[in-house]
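There are 2 protein chains.
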Amino acid sequence: MPEPHFLSNVFLSKNFSTEEQNTIISHFKKVSFDKNDFFLKEGQTENQYWFIESGFARSYVVDTEGNDISTNFYSKGDIVIDWTSFFLRNPTRENIQALSDCVAYQLDFDTFQTLFHSLENFREHGRTNLVSSYFKLKQQSIAMIADQAKDRYLRLMKEKPQVIQNVSLKHIASFLGITDTSLSRIRKEISEE
Amino acid sequence: MPEPHFLSNVFLSKNFSTEEQNTIISHFKKVSFDKNDFFLKEGQTENQYWFIESGFARSYVVDTEGNDISTNFYSKGDIVIDWTSFFLRNPTRENIQALSDCVAYQLDFDTFQTLFHSLENFREHGRTNLVSSYFKLKQQSIAMIADQAKDRYLRLMKEKPQVIQNVSLKHIASFLGITDTSLSRIRKEISEE
DNA sequence: AATAAAACTTGTCCTATGGCAAGAAATGCT
DNA sequence: AGCATTTCTTGCCATAGGACAAGTTTTATT
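As you go down the protein sequences, you meet chains A and B in turn.
Residue 164 in this note's numbering sits at position 164 of the first sequence, with consecutive numbering throughout.
Residue 1097 in this note's numbering sits at position 97 of the second sequence, with consecutive numbering throughout.
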C-alpha cells in the first residue's frame, strides 16, 4: 500500500474532494535544501510557496545598523513564504535560510494563481493560511508591547518547543527583541526557579 | 453632473470594468458613527468590511493587566476591519472605536464572500488589501525591535501626520509601545532640536 | 464664566535590558 | 585528537524607558 503523500496532511479530505487533492498535489514539486541554503534572499521577489516536510528554517531581516533580526521560524507542516513579496510581486527585505537540511514542496506564483482563481476551496485555504500568519504576527506584536521578555520566551517555549531545541540562542533572542546576553540571563533565571 | 461615488476612489476603473464597479458599489451600505461609537467590540465576531470616508477611528486591545494598547488608526480611505476575526469567523480580542464622527461604507461577510468568489478582480483587490495590512504590521513589528521609540515616533509623524494631529498622546504612545510620559518627553526633545 | 474632567508636562527615582569584554563550553573541521 | 570557530555565560556598568505623583493646560459641560 503506497504511503499517503505528505501534502494530503495539508490539503485535507475534509476540505477538498479527492479530485481536487490530486490536482493540487500534482502541481507541487519536491525540493531539498542543504543546511544554510537560502529559500529566499533579500532583493529577490518571492516566487514560491513552500510547505516544509522536514527540517528547520529561519527568516530574518538585516536592519540599518547591520543587526540580524529573526522574524520567524519554520518547521514541519509550516508554510515558508514571504507573503508580501509573493503577492505584491516586489523585492523582499527578508532572507529565509535553512537551519538544517530541509525537504519541502513548492508551487510557483503562476501555478498558485491558476489554482487560486479556479478552485474555490483552494482560495479559501490560501486565504486562511495568510490570515493565520497575520494573526500570529499580531499576537507577537502585541506581546512585544504588553509582555516582558521573560514572558515572551516562556510563551515561545510553550508554543514552539522545537524552536527552543533547534535554534541558536542568538536567533531566538533577536526574534524576542532582546540581546543574546539578556536571553542567557533569562534562561538562567528560569532554570533557578 | 452627479458627484462620483466615494468608493470609485477605492475600486478604480483601472482595475475594474464599469459594470464591476457598479455591482460592487451597489452592495455597500453607507453608515455613520458618532464619536466614541464602536465599530467592533471585544468578543464580537467581525461581520463587516468598512471603507472610511471621513473621520478617525482607533483599534485597541486590553491586555491582561488592563492596559489599553492601540493597534491601529484609521482615516479617510482606510479599511476598518479586524481581518482575522472577519475571515476566521471567531470572536475578536480587539475594539475599534470612532475617535470622531465617521462616515463609512460597509459590506457584510456573506456579501463579501459572494463577490470574492464570483469576481476575480475583487478577490485580487481584497487579497492585496490584506497583504498590504500584513506588510504594515510587519514593518511596525520590526521597528519595535530595531528602532528607538523616538525614531518610531518620527516615522509615524512622517507617514501619518493626520494621526499626530487628531489622536491623543496616550493613544499614540501605546501604539508606539511606550508610556504617555515618555512620549511627552520625546516630543519635548524633538521640539528643542 | 465656573467647574469638572481629560490631556499633557515635569520631577524624582527605579528597573529591564543593553554594551562591552572575558571566559567557558560546545561544535565543526582537518 | 587537536585546533579554530561559534555559541553561550557571566560580570560590570550604562541607558532607555517605566512608575508614581504633582502640577498645568486644554477641553467639555452646565
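We treat Cβ as the ideally placed atom computed from N, Cα and C, and that holds for glycine.
{"Item": "Cutoff 9 Å: Tyr-134 (chain A) Cβ touching any chain B Cβ", "Value": "yes"}
{"Item": "Chain A contact for Gln-1140 (chain B) (CB, 9 Å cutoff)", "Value": "yes"}
{"Item": "Against chain A: residues of the stretch 1046-1068 of chain B by CB proximity under 7 Å", "Value": "Val-1061, Asp-1063, Asn-1067"}
{"Item": "Test item: CB-CB of Gln-106 (chain A) and Phe-28 (chain A) under 9 Å", "Value": "yes"}
{"Item": "Top-ranked residue by Cα proximity to Trp-1133 (chain B), from B:Tyr-1074, B:Lys-1014, B:Gly-1066, B:Leu-1115", "Value": "Per the sequence shown, the amino acid found at residue 1133 (chain B) is Ser instead of Trp. Nearest option by C-alpha distance: B:Tyr-1074."}
{"Item": "Contacts that Glu-120 (chain A) makes with chain B (C-beta to C-beta distance below 8 Å)", "Value": "His-1117"}
{"Item": "Contact list for Leu-1137 (chain B) against chain A, beta-carbon separation under 9 Å", "Value": "Tyr-134, Leu-137, Lys-138, Ser-141"}
{"Item": "CB contact check: Ser-205 (chain A) to chain B, cutoff 9 Å", "Value": "The displayed coordinates of chain A run from 1 to 193. Any statement about residue 205 (chain A) would go beyond what the structure contains."}
{"Item": "Gln-1106 (chain B) (DSSP reduced to helix, strand or coil)", "Value": "strand"}
{"Item": "C-alpha gap between Leu-119 (chain A) and Thr-179 (chain A), whole angstroms", "Value": "45 Å"}
{"Item": "Min CB distance Arg-127 (chain A) to chain B below 9 Å", "Value": "yes"}
{"Item": "Contact residues within the stretch 1070-1091 of chain B, judged by C-beta distance below 8 Å to chain A", "Value": "Thr-1071, Trp-1083, Thr-1084, Phe-1087, Leu-1088"}
{"Item": "Under 8 Å by beta carbon: chain A residues contacting Arg-1152 (chain B)", "Value": "Simply none; closest approach about 11 Å."}
{"Item": "CB contact below 9 Å: Ile-145 (chain A) versus chain B", "Value": "yes"}
{"Item": "Selection from B:Ser-1174, B:Val-1103, B:Leu-1169 that minimises the alpha carbon distance to Lys-1188 (chain B)", "Value": "B:Leu-1169"}
{"Item": "Member of A:Glu-159, A:Tyr-153, A:Lys-158 whose CA lies at the smallest distance from the CA of Arg-185 (chain A)", "Value": "A:Tyr-153"}
{"Item": "Whole runs of the alpha helix (DSSP H) within the stretch 99-153 of chain A, excluding any shorter than 4 residues", "Value": "109-118, 120-146"}
{"Item": "Residues sharing a beta bridge with Ala-57 (chain A), DSSP", "Value": "A:Tyr-74, A:Ala-98"}
{"Item": "Residue closest to Asp-1108 (chain B), alpha-carbon to alpha-carbon, out of B:Ser-1141, B:Ile-1024, B:Glu-1042", "Value": "B:Ile-1024"}
{"Item": "Proximal chain B residues relative to Gly-177 (chain A), where beta-carbon distance stays under 7 Å", "Value": "Met-1144, Ile-1145"}
{"Item": "Leu-1012 (chain B) - containing alpha helix (DSSP H), residue span", "Value": "From DSSP, Leu-1012 (chain B) is part of no alpha helix (DSSP H); its letter is neither H nor E."}
{"Item": "Cβ shell of Ser-85 (chain A) (< 6 Å), same chain only, five flanking positions each side left out", "Value": "Thr-45, Glu-46, Thr-92"}
{"Item": "Whether Asp-68 (chain A) touches Ser-141 (chain A) by CB criterion (9 Å)", "Value": "no"}
{"Item": "Simplified DSSP assignment, three categories, for Ser-1168 (chain B)", "Value": "coil"}
{"Item": "Neighbour list for Val-131 (chain A) in chain B, Cβ cutoff strictly below 8 Å", "Value": "Trp-1083, Thr-1084, Phe-1087, Leu-1088, Leu-1130"}
{"Item": "Residues of its chain near Phe-11 (chain A), where Cβ-Cβ distance is below 6 Å and the 5 sequence neighbours each way are ignored", "Value": "Gln-21, Ile-24"}
{"Item": "Inter-residue Cα distance where the pair is Asp-110 (chain A) and Ile-1052 (chain B)", "Value": "33 Å"}
{"Item": "Val-62 (chain A) beta carbon less than 9 Å from that of Asn-95 (chain A)", "Value": "yes"}
{"Item": "CA-to-CA distance, Glu-1003 (chain B) to Lys-136 (chain A), given in whole angstroms", "Value": "42 Å"}
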